[in-house]
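Trainee: Before anything else, here's the structure in question.
In this note's numbering, the protein residues as written are 408 to 787.
Right under this line is the structure:
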């Protein structure tokens, strides 16, 4: 995989473009049938053009690529149901994939494809789509050899046996600085904050690993933490232990830091199972430092999040509270904040919450030096 075309242009694609220097391939173009055709993708994301066109002419760009990466499983999902129907994207997705197959491109999907009609269509046309792996082979081996999970059966016995596993793992993950990045709600920039800090720490000469909860972890050669991709192959009850095992893997590799970005909002929602999983992986991580990303009207949610971090994350106060410069409110629709609005909100947070640092999401790299100082003087 050397020369890549991405589909479509959305927040996950934007993350790949923003941090393309952390990948080992070149993004040649982005295909999109709805947004920003004729624009430069890097200019939209970073404010600087980089020769990455957004186009609906996929036949043209396939001539300069060897791989198509899909961030779309072929059916509507998330908040794109309306636009999917309006623009007939299911049919266009099939045309795109069929053309990539004809051009002999490698086709990769960052999402599991579970829609039966789509799977039947791929089989009928002899098209193979690779699904990016969630767990590196070494970590998969660690998870299932060093953590002895109970066999399915007696639910009471299974429940009780997890206490033994919990007791065994409490002594691990002591010699690495664990940074947890969480948010009061979704789509505020957790991935951007995580990868910006990841980049800054690496540039400072630190050895760091990121547990990435976006489905694109393998593109950055990092272990993934996307719950949906995990449970496609493993029981949900093992997810917190997987997070713990990923930290152990980073520690064994001699990393100075491991960065975990939480998935969605830190706060519980109406799904009891997912809410319980959030608390469980927070306990499994036991972050040494927490970074909370908050919206502009989220004071109550900040207080609730700080309580959760204090109770379950062993964090007396956050290392930093971040605010976004923009956030998504609908498919491809963003609200952007002016520099004055950003500074005003930062000052409000400073006066109301006991955070060591208050920054915008895009400026989190400034904290790399302060993290290194913390690690040297306090942690180790």
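Virtual Cβ for every residue (Gly too), placed ideally from N, Cα, C.
Tell me the DSSP bridge mates of residue 733?
Mentor: In DSSP, residue 733 forms a bridge with 743.
Trainee: Can you tell me where the alpha helix (DSSP H) with residue 638 in it begins and where it stops?
Mentor: Here the alpha helix (DSSP H) through residue 638 covers 634-638.
Trainee: Would you call residue 648 buried or exposed, if buried means 16 or more other Cβ atoms sit within 10 Å of its Cβ?
Mentor: Buried is the call here.
Trainee: Whole beta strand (DSSP E) runs in the region 512-585 with 3 or more residues, listed along the chain?
Mentor: Segments of the beta strand (DSSP E) lying fully in the region 512-585: 513-516.
Trainee: Mapping the DSSP letters down to three states, classify residue 700 as helix, strand or coil.
Mentor: Looking at residue 700 - three-state DSSP - the assignment turns out to be strand.
Trainee: Relative to the C-alpha of residue 447, which residue among 751, 424, 469 and 645 is closest?
Mentor: Per the Cα distances, 424.
Trainee: Just checking my contact of residue 829 with residue 596 at CB under 8 angstroms: how many whole Å lie between their CB atoms?
Mentor: For the chain, the structure presents residues 408 to 787; residue 829 sits outside this window and is missing.
Trainee: My guess is that residue 589 and residue 697 are in contact by the Cβ rule of under 8 angstroms, so how many angstroms apart are they, rounded?
Mentor: Their Cβ separation, rounded to whole angstroms, is 7 angstroms, which keeps residue 589 and residue 697 in contact under 8 angstroms.
Trainee: Using only CA atoms, which one of 702, 545 and 652 lies nearest to residue 575?
Mentor: Per the Cα distances, 652.
Trainee: Specify, as a first and last residue, the run of the beta strand (DSSP E) that residue 667 falls within.
Mentor: Here the beta strand (DSSP E) through residue 667 covers 664-668.
Trainee: Once you ignore the five residues that flank residue 687 on each side, which residues in its own chain have a CB closer than 7 angstroms to its CB?
Mentor: Taken in chain order, the residues that qualify are 647.
Trainee: How is residue 714 classed by DSSP in three states: helix, strand or coil?
Mentor: Here residue 714 sits in helix by DSSP.
Trainee: Would you report the Cα separation of residue 581 and residue 499, rounded to the nearest angstrom?
Mentor: If you take the alpha carbons of residue 581 and residue 499, they lie about 50 angstroms apart.
Trainee: Just confirm the distance between the C-beta atoms of residue 395 and residue 766, as a whole number of angstroms; I'd bet it's less than 8 angstroms.
Mentor: Residue 395 is absent from the model: the chain starts at 408 and stops at 787.
Trainee: With C-beta atoms as the reference, is residue 522 less than 9 angstroms away from residue 474?
Mentor: Cβ atoms of residue 522 and residue 474: not closer than 9 angstroms.
Trainee: From the DSSP output, which residues share a beta bridge with residue 616?
Mentor: The partner list for residue 616 (beta bridge, DSSP) reads 665.
Trainee: Taking the alpha helix (DSSP H) that residue 609 falls in, what are its first and last residues?
Mentor: Run containing residue 609: 597-610, per the alpha helix (DSSP H) assignment.
Trainee: Determine the direct distance from the alpha carbon of residue 534 to that of residue 711, and round the result to whole angstroms.
Mentor: Residue 711 and residue 534: Cα-Cα distance of roughly 48 angstroms.
Trainee: Skipping 5 residues on each side, what residues in its chain have a beta carbon closer than 7 angstroms to that of residue 747?
Mentor: For residue 747, where only same-chain residues beyond five positions count, there are no Cβ hits under 7 angstroms.
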